[in-house]
Structure formats: structure tokens, C-alpha cells
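Chemist: Dumping the structure here so I can ask a few things about it.
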Amino acid sequence: MQPASARPVLLYCFPHAGATSLVYRGWQPLGEPHLLVRGVDAPGRGTRRRERKATGFHALVRSMAEQVAADLLAERERTPGLRWATFGHSFGATTSLAVAAAVADRVGVAPVRAVLSGAVPPRLQPPGERLASVPDEELLARTAADGGTPPAVLADPAMSRLLLRMLREDDAVRAEFAQQAAGLRVDFPLTLIAARQDVHAPPEKVWLWSAHSSAPTRRVEIEGGHFAAVRHPKETLTIIADDTDPGER
Numbered sequence: 001m002q003p004a005s006a007r008p009v010l011l012y013c014f015p016h017a018g019a020t021s022l023v024y025r026g027w028q029p030l031g032e033p034h035l036l037v038r039g040v041d042a043p044g045r046g047t048r049r050r051e052r053k054a055t056g057f058h059a060l061v062r063s064m065a066e067q068v069a070a071d072l073l074a075e076r077e078r079t080p081g082l083r084w085a086t087f088g089h090s091f092g093a094t095t096s097l098a099v100a101a102a103v104a105d106r107v108g109v110a111p112v113r114a115v116l117s118g119a120v121p122p123r124l125q126p127p128g129e130r131l132a133s134v135p136d137e138e139l140l141a142r143t144a145a146d147g148g149t150p151p152a153v154l155a156d157p158a159m160s161r162l163l164l165r166m167l168r169e170d171d172a173v174r175a176e177f178a179q180q181a182a183g184l185r186v187d188f189p190l191t192l193i194a195a196r197q198d199v200h201a202p203p204e205k206v207w208l209w210s211a212h213s214s215a216p217t218r219r220v221e222i223e224g225g226h227f228a229a230v231r232h233p234k235e236t237l238t239i240i241a242d243d244t245d246p247g248e249r
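Numbers 1 to 249, taken from full-length UniProt numbering, label the letters of the sequence shown in order.
Okay, here's the thing in C-alpha cells:
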């Protein structure tokens, strides 16, 4: 059997609101040698676009957990002892942690770490203005200002219509976070990544995720705004690699 430090880690990555696993397509060539990047899609999107959409937070978590668990079990059949971890940014942070907990229960193997980026805990999610009532042009302007969507997507009528639909679908799920995910508790380690200039998830609020785990939590503060962690993937993968290397834990 390979020593722990030589065994790879499957890193399941969960996209932000309005996105698919495509946002992680370029991450693998940038990663540390032991990280194997896998993007995770919601049913009805991206690699799962032909499937029926999940309605509501619990249905979404259940469907994504089934996908991750099946993949993880198949990979562990081929590589016994294979380790795994999760990364979720913004909207994807809450879904990633809920899925990680569900997969750990299902397969009996906890992730070596869950990495949460650019998100506040569920109980702090503001009810805010539901995006269903926000005019298209205003919502596109907000999205452009956040800096997480390529200008080409925003400028293309067909792609921007798809983006708006996905943003509103995810907003409906996010509205359930405070009630459905506030009690989420895990017993595996967390890494919390917060950007100093993030107006949506300031560091002092991101750190409150530590209450959701009984295991140690590492806090990492980076430069930039809300999408800093996904706009600088090499730096983000270095953080994750450090925390999934057995020699560092």
C-alpha cells in the first residue's frame, strides 16, 4: 500500500450560484500532484443537464450526495484507501458541507477536510431581496459588478438568459439555508477562506463556520473581493494541498 502522503485526494468542487462545474475545468493542471479535481453539478445542469432538476435544498443535497458517493465508491474500488475532500465557494460552500456530511454517512468515510470559501454560515444568510423580483438588467449589472462571470457570458443574450434562470433557481434554494442548514454539524476539519475586500462574506463572518464542526478549523485570509478564491485557483489549490497533506495535519 502507498504511504498516506503518496495517495491522491479526490477534491470535489461545488460551484457558486448561477454556475456549473465548468468553472473548475482549468483547475486540474494547476493543482498539487496529490489533488484530483472533480467538479460537481446539480441535476439539470452542466454534465447532468439531461436530468430532472432538484427542487429545494434537501433534494439538491440528496442528489449531489448520490453522485459524489457513487463516484467515490467506484474510485476507492480501484484505489483502496483513496482519500477525499470538498471545496465550495459562496452558494457552493453550504451545499458542499451538507453533501460532505451526507456522503460521509453513506460511505462510512469522512473527508479529510471541507474547504469553505466566500460564504457566511446559514444562520447569517440574509433573507434579502428575492431575485425573482429583480429586473433582468439590474441582476446582470449586479452580477457583472461581483466579477465572477466572464463578460462574454453577460454579453451573449442566450447565455445571459440561462445565467439569470440559474441565479434565480439558486436564490430560491439559498432562501432555505437559514432554516434547513443552520443545524448542520460535522466532525471533520474545516478550512475557511475569506477575502479581505469581500462585501458579501467578510472574514469575521466567514470564521463563524467553525461552530459547525467539532474538529479543528483553519482560517486563511486572502486579498481580493468576493470571487478572489476562484479567480486565483493556483493559490487556492496550494491552500487546499497544504491542508490535505497528511504531513500537515
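The C-beta atom is built at its ideal place from N, Cα and C for all residues, glycine as well.
Just so it is clear, the structure is predicted and the values come from calculations on it, not from any experiment.
1. Quick check on this structure: which residue in L97, D136, V40 and H34 has the alpha carbon closest to the alpha carbon of Q180?
2. Is it the case that the segment 134-146 contacts the segment 157-174, given that we only count it when at least three CB pairs across the two stretches are under 8 Å?
3. Contact between the segment 150-160 and the segment 40-58: three or more CB pairs below 8 Å?
4. Whose CA, out of H200, C13 and L22, lies closest to the CA of G88?
5. Taking only the alpha-carbon atoms, compute the straight-line gap between Q197 and G92 and give it to the nearest angstrom.
6. Which of the three DSSP states, helix, strand or coil, is assigned to R7?
7. Going by alpha carbons, who is nearest to V153 out of P80, P233, D242 and L22?
8. So is F105 buried or exposed if we call it buried at 16+ other beta carbons inside 10 Å?
9. How do the segment 65-75 and the segment 99-115 stand: do at least 3 beta-carbon pairs fall below 8 Å, yes or no?
10. Considering only C-alpha positions, which residue in the set A101, P111, G56 and P233 is nearest to G148?
11. Buried or exposed for L208, going by 16 or more other Cβ atoms inside 10 Å?
12. Any contact between the segment 18-32 and the segment 41-61? By contact I mean 3 or more CB pairs, one from each, below 8 Å.
13. Would you kindly work out how many angstroms separate the C-alpha atoms of L36 and I239, rounded to a whole number?
14. Please go through the same chain and pick out, in chain order, the residues whose beta-carbon is closer than 6 Å to the beta-carbon of T143, but skip the five residues on each side of it.
15. Kindly identify the DSSP beta-bridge partner or partners of R39.
16. Can you tell me whether R249 is helix, strand or coil according to DSSP?
Modeler: The answer reads as follows:
1. L97
2. yes
3. no
4. C13
5. Distance between the alpha carbons of Q197 and G92 is about 19 Å.
6. Here DSSP, grouped into helix, strand and coil, assigns R7 to coil.
7. L22
8. Reading off the sequence, residue 105 comes out as Asp, not Phe. Exposed, by the Cβ-count rule.
9. yes
10. P233
11. exposed
12. yes
13. 15 Å
14. T149
15. Note on residue identity: the sequence assigns Gly, not Arg, to residue 39. Answer by DSSP bridge pairing, in chain order: C13.
16. Because R249 carries a pLDDT of 42, less than 50, the predicted location of this residue cannot be relied on, and no value is offered for it.
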